[in-house]
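Sequential numbering from 399 applies to the sequence shown in this note's numbering. Note that CB positions come from ideal geometry on N, CA and C, so glycine has one too. Here the structure is a predicted model, which is why all the values come from computation and not from measurement.
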Amino acid sequence: MQVVEHDFLEFSLIIQSFIKWLDIPHVWQDFAFMTISIIVLLIFSYIFQKVTHSVCRFLLIKANDKLHSAFFKYMLQYHFLHHVIWLVNIGLIQSLVPLVFFGYPNSILVMQAILSIYIVFIIMNVIMSFIQTVTKLLAQKRNFSNIPFDGYLQVIRIILICIACLLIFSILTHRSLVSVMTALGAASAILILLFKDTVMGFVGSVQITMNNLVHEGDWITVSQYGADGIVKEISLTTIKILNYDNTLTTVPTYSLAAGSFQNWRAMQESGNRRFIRNLSIISHDIRFLSADELENFKKVGGLDDYITKMSHEYQKRNDALSVDKSISINLHQLTNCDLFMEYARWYLTNHPKINSTTTQLVRQVGITDEGVQLQIYAFTNTCVWAEYEAILAEVMGHLLSSISYFGLHHYAATAASDSLDVNLNMQQEPPKAVTNKEPAIK
Numbered sequence: 399m400q401v402v403e404h405d406f407l408e409f410s411l412i413i414q415s416f417i418k419w420l421d422i423p424h425v426w427q428d429f430a431f432m433t434i435s436i437i438v439l440l441i442f443s444y445i446f447q448k449v450t451h452s453v454c455r456f457l458l459i460k461a462n463d464k465l466h467s468a469f470f471k472y473m474l475q476y477h478f479l480h481h482v483i484w485l486v487n488i489g490l491i492q493s494l495v496p497l498v499f500f501g502y503p504n505s506i507l508v509m510q511a512i513l514s515i516y517i518v519f520i521i522m523n524v525i526m527s528f529i530q531t532v533t534k535l536l537a538q539k540r541n542f543s544n545i546p547f548d549g550y551l552q553v554i555r556i557i558l559i560c561i562a563c564l565l566i567f568s569i570l571t572h573r574s575l576v577s578v579m580t581a582l583g584a585a586s587a588i589l590i591l592l593f594k595d596t597v598m599g600f601v602g603s604v605q606i607t608m609n610n611l612v613h614e615g616d617w618i619t620v621s622q623y624g625a626d627g628i629v630k631e632i633s634l635t636t637i638k639i640l641n642y643d644n645t646l647t648t649v650p651t652y653s654l655a656a657g658s659f660q661n662w663r664a665m666q667e668s669g670n671r672r673f674i675r676n677l678s679i680i681s682h683d684i685r686f687l688s689a690d691e692l693e694n695f696k697k698v699g700g701l702d703d704y705i706t707k708m709s710h711e712y713q714k715r716n717d718a719l720s721v722d723k724s725i726s727i728n729l730h731q732l733t734n735c736d737l738f739m740e741y742a743r744w745y746l747t748n749h750p751k752i753n754s755t756t757t758q759l760v761r762q763v764g765i766t767d768e769g770v771q772l773q774i775y776a777f778t779n780t781c782v783w784a785e786y787e788a789i790l791a792e793v794m795g796h797l798l799s800s801i802s803y804f805g806l807h808h809y810a811a812t813a814a815s816d817s818l819d820v821n822l823n824m825q826q827e828p829p830k831a832v833t834n835k836e837p838a839i840k
């Protein structure tokens, strides 16, 4: 810096000699010197900026081509080099201001203040460019891919803006930064109210990140806000969710950390999706099966070993009973409903699109006015929506078609048209003749 000032002093002597050669009146010599110095300084600053930027950019591009590092590419993308060169350039100009405006002391103070404020903004841009470069690199790594860097960058930008405002206020009022912050301590409550959503969003974003609650691309359901879709963006204050009807729902970030929501990420990562469906079996269709019927059902897939096993087990139980064995209800016997449930288990286990390593259940969940409720519980080996629905339709269609083979029927409420047909048929029946003959009087 001292070398630059020394060179400028030598250059100022040349300018003064040039002014004397022009024979400018003594009253205007200081103003002429200042004007010429400013013009020369601006030209020098422009040339320095262009040449330095071109050289450094060329070196970074060459380094990126040889090292194949994304760091140099992102430095160029976020103009880090441009801001650094501007910082050096403005710093040089500020150091020369007292020499350029030596005849105008008040102008020196004004220019120093303007350049100091400009330097504050440039430093803020340098810091943000560097942080954006680093976060862009980290976001490409697997361990950091799920961190919402955009929200954190917003927080850092707000903090830098607040610090910049404090520094500018300190420059304009010629007060130390400590005294300015002390004076703002009394207004902290107002600041908290002004930035309430930002503070809550930042806290919620930190909780979401630390607890690994939600990532971009997750399928989540937030019933409180009617949101059911894919997370598209996680910012400091809001989370944007693209619903499956192509509508966009924005949810406050802190509401996910403080409230409850459903995240389907684990299902997507596992590649399996659960389904639960109920079948209503008419209760009076359930009955015991004879030995001949059991022999016939052994031909059905998955029932041969089951019938043999259960027949032996029930035989042992029946032999231990001291009851009248001529009455069928005194004995342990297989029913057609038992065989259908076992067949359904076998069908699910051997279905190529049902995951056989996960839980599979075919069970009774209760008896209602609609009959015996059977529940089918299993997982498909895909979580793609269209494929999932196709598998589910195939499974339930097959089981519904198989019910009648076991002498069972699925409960179906009587349709209004059926009731109407019954009523019409009853109305069409001719009324019976009614004769009220009085007894003959003797």
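Query	Result
Just tell me which of G669, L692, I515 has its CA closest to the CA of H572.	I515
In this structure, how does DSSP classify R671 when only helix, strand and coil are distinguished?	strand
Cβ of E863 within 8 Å of Cβ of L687?	Lying outside 399 to 840, the shown extent of the chain, residue 863 is not represented and no answer is given.
Given a threshold of 16 other Cβ atoms within 10 Å of its Cβ, counted over all protein chains shown, does I588 qualify as buried or as exposed?	exposed
Going by DSSP, what residue range makes up the beta strand (DSSP E) through G769?	769 to 778
Check this for me: beta carbons of K630 and E614, under 8 Å apart or not?	yes
Could you name the residues of the same chain whose beta carbon sits closer than 8 Å to that of I520, not counting the 5 residues immediately before and after it, in chain order?	H481, W484, L485, I488
Could you compute how far the alpha carbon of S726 sits from the alpha carbon of T733?	12 Å
Is there contact here, the stretch 704 to 711 with the stretch 658 to 665, by at least three beta-carbon pairs under 8 Å?	no
Considering only residues of the same chain and omitting the five flanking positions on each side of Q492, which have a CB-CB separation below 6 Å?	L513
What separation, rounded to the nearest whole angstrom, lies between the Cα atoms of V576 and L634?	29 Å
Would you be able to state if there are at least three C-beta pairs under 8 Å between the stretch 758 to 776 and the stretch 674 to 682?	yes
So, L531 versus M473, is the Cβ gap smaller than 8 Å?	Per the sequence presented here, residue 531 reads as Thr, with Leu not at that position. Contact: yes.
At the level of alpha carbons, what is the spacing between Y642 and W617?	10 Å
How many Å lie between Y894 and L646 at the Cα?	What is shown of the chain runs 399 to 840, which leaves residue 894 out entirely.
Going along the chain, which residues of its own chain have a beta-carbon closer than 6 Å to the beta-carbon of T619, five neighbours each way excluded?	D626, Q660
So what does DSSP say about N834, is it helix, strand or coil?	Annotation note: pLDDT 43 at N834 (below 50); position unreliable, no value reported.
Check whether the Cβ atoms of T778 and I752 sit closer than 8 Å, and answer yes or no.	yes
Give the single residue among S724, G602, I557, V578 whose Cα lies nearest to the Cα of F567.	V578
Have a look at S452 and F547 and give me their C-alpha separation to the nearest angstrom.	31 Å
So, using beta-carbon positions, are G699 and W744 closer together than 8 Å?	yes
Compare the beta carbon distance of F478 and V524 with 8 Å and say whether it is the shorter of the two.	yes
Roughly how many angstroms lie between the CA atoms of K696 and A689, to the nearest whole one?	11 Å
Going straight from the alpha carbon of T757 to that of A776, what length do you get?	6 Å
Considering just the uninterrupted stretch of the beta strand (DSSP E) at E631, what are its terminal residues?	625 to 632
At a Cβ threshold of 8 Å, is E792 touching chain D?	No chain D appears in this structure, which consists of one protein chain only.
Just to confirm, is the Cβ distance from V553 to F600 under 8 Å?	yes
Please go through the same chain and pick out, in chain order, the residues whose beta-carbon is closer than 7 Å to the beta-carbon of G657, but skip the five residues on each side of it.	Q622
Take L640 as the anchor and find which of I632, I628, T651 has the nearest alpha-carbon.	I628
Taking the beta strand (DSSP E) that W662 falls in, what are its first and last residues?	Counting along the chain, W662 falls outside any beta strand (DSSP E), and DSSP gives it neither H nor E.
Excluding sequence positions up to five away, which residues of its chain have a Cβ less than 6 Å from the Cβ of S754?	T747
Is the separation between the beta-carbon of L551 and that of L611 shorter than 8 Å?	no
For Y444, count neighbouring Cβ atoms within 10 angstroms of its own Cβ and tell me buried if that reaches 16, exposed if not.	exposed
Distance, Cα to Cα, C781 vs H466?	38 Å
Quick check on V698: does DSSP put it in helix, strand or coil?	coil
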